[in-house]
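Colleague:
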Amino acid sequence: MSQLQWYPGHMEKARRQMEEKLKDVDLVIELRDARLPVSSANPLLEKMISGKLRLIVLTKKDRSDSRKTAAWLFYFGEENVIAVDTLHDDVRQKVLPAVRRLLEPKRQKALKRGIRNKILRIMIAGIPNVGKSTFINRLSGHSSLKAENRPGVTRSLSTIKLEEGLELVDTPGVLWPKFSDPDCALKLALVGSLNDQILDRIDLAEKGIAFLQKEYPGLLKEIYGLENEEGDLLEKIAFSRSLLKSGGEADRLRTADTFLNELRNDKRYQVTYDTCPAGE
Ligand code: G4P
């Protein structure tokens, strides 16, 4: 899913499909990457869900800078946003209380109209690779993952029962990323949410290294032994890792790929790329 290509036709189709699904939904859980709380948001979602309840969940908290994540939670307002390590946290326990709280007014309204067993529906939405499938599995609890097609509903949605009166639409809303903004596209590419094959990986790695040099110089020292160094850092990494061509010069492409792979997968990188306007 992470390697999806988006064209205007795809975007229009995705928008229409999501709008259709949203008709039956009471609350949208918008997943964003904790490393990119703004850059991983979809520009049109706001409009598409206007009037719906929304909870923002920042995924991959374990890969983000905890100090910056705390600043972002404060910035968004803690009652509207939760940060999770989807792989290790108890997602149900972290997320369901907020969902119940947000939906309570709807439940009360239904009760006043005499509807005691109102079923409320939630949809998960987010850009590719943000962790939607993982989140759906964890929120539903693997054992209960049994999609049901309820007969009798006009637009039949495949849903997973979360608890009494609460259902999860089992197909996530896939949103396109903000690739038209070069700064967002760069950050999305650094976390691996844009297709590498269409990018200049050497240029991307150099930009990633420049970002680390400015924001996280300690990591360049810890991981590559680079200390306050100037000049061509990609080449220095190539030499420190012996990523050389047969003539002895740096193999820049192999070094760029190694660096990008580590930046995305090595747990030592706990990095947040978006700067919180409220500071830290
Ligand atoms: P999607 O449906 O939105 O496309 O995302 P999906 O759940 O497939 O998750 C994408 C990748 O992100 C998966 O890695 C998944 O394990 C990882 N992931 C999801 N949530 C978290 C989290 O909170 N922390 C960390 N560290 N990783 C998370 P993958 O299986 O390696 O797939 P891929 O990256 O090779 O595509």
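When we follow the working numbering, the leftmost residue of the sequence shown carries the number 1246, and every step to the right adds one. Here a beta-carbon is modelled for each residue, glycine too, at the ideal position from N, C-alpha and C. Remember, it's a predicted structure, so these values are computed and weren't measured experimentally.
#1: Could you give the uninterrupted runs of the alpha helix (DSSP H) lying entirely in the segment 1271-1357, keeping only those of 4 residues or more?
#2: State the Cα-Cα distance for the pair L1361 and L1332, rounded to the nearest angstrom.
#3: Is D1310 buried or exposed, if buried means 16 or more other CB atoms sit within 10 Å of its CB?
#4: From this set, L1478, D1426, G1463, which residue's C-alpha is nearest R1447's C-alpha?
#5: L1347 and L1300 - do their beta-carbons sit closer together than 8 Å?
#6: Just reading off the beta strand (DSSP E) that E1412 is part of, what are its end residues?
#7: Using DSSP bridges, identify the partner residues of L1365.
#8: In terms of residue numbering, what span does the alpha helix (DSSP H) encompassing Y1469 cover?
#9: Could you give the DSSP three-state label for L1505: helix, strand or coil?
#10: Leaving out five residues before and five after D1519 in sequence, what residues of the same chain have Cβ atoms less than 6 Å from its Cβ?
#11: For the segment 1447-1467 and the segment 1486-1501, state whether three or more C-beta atom pairs, one from each stretch, are separated by less than 8 Å.
#12: Leaving out the 5 sequence neighbours to the left and right, which residues in its chain are closer than 6 Å to Y1320 when beta-carbon positions are compared?
#13: Could you check whether the Cβ of P1282 sits closer than 7 Å to any heavy atom belonging to the ligand G4P?
#14: Exposed or buried, which one is R1308 when buried takes at least 16 other CB atoms within 10 Å?
#15: Is there contact here, the segment 1326-1346 with the segment 1255-1268, by at least three beta-carbon pairs under 8 Å?
#16: Specify, as a first and last residue, the run of the alpha helix (DSSP H) that E1257 falls within.
#17: From the DSSP output, in three-state form, read off S1491 for me.
#18: Check each candidate in K1490, G1463, R1497, E1480 and name the one with the smallest Cα separation from Q1515.
#19: Which of helix, strand or coil does DSSP assign to A1483?
Modeller: Taking the geometry as given:
#1: Taking 4 residues as the minimum length, the alpha helix (DSSP H) runs contained wholly in the segment 1271-1357 are 1290-1293, 1311-1321, 1336-1357, in order along the chain.
#2: In the sequence on display, residue 1361 carries Arg and not Leu. Taking the Cα positions, R1361 is about 35 Å away from L1332.
#3: Label assigned to D1310: buried.
#4: Looking at the sequence provided, one finds Ile at residue 1447 rather than Arg. The option with the nearest alpha carbon to I1447 is L1478.
#5: Yes, the Cβ-Cβ distance between L1300 and L1347 is below 8 Å.
#6: Where E1412 is concerned, the enclosing beta strand (DSSP E) stretches over 1411-1414.
#7: Checking the DSSP bridge columns, you'll see L1365 partnered with L1411.
#8: For Y1469, the uninterrupted alpha helix (DSSP H) run begins and ends at 1462-1469, by DSSP.
#9: Here L1505 sits in helix by DSSP.
#10: Contacts found: L1281, P1282, V1283, S1284.
#11: Contact holds: three or more Cβ-Cβ distances are below 8 Å.
#12: Annotation for Y1320: C1521, A1523 place their beta carbon closer than 6 Å to its own, counting only its chain and skipping 5 residues before and after.
#13: Every heavy atom of the ligand G4P is 7 Å or more from the Cβ of P1282, so no.
#14: By the beta-carbon neighbour count (other beta carbons within 10 angstroms, threshold 16), R1308 is buried.
#15: The segment 1326-1346, when compared against the segment 1255-1268, does not touch it at the 8 Å Cβ threshold.
#16: For E1257, the enclosing alpha helix (DSSP H) covers residues 1253-1267.
#17: If DSSP states are grouped into helix, strand and coil, S1491 belongs with coil.
#18: That would be G1463, whose Cα lies nearest to the Cα of Q1515.
#19: In the structure shown, A1483 adopts helical secondary structure according to DSSP, grouped into three states.
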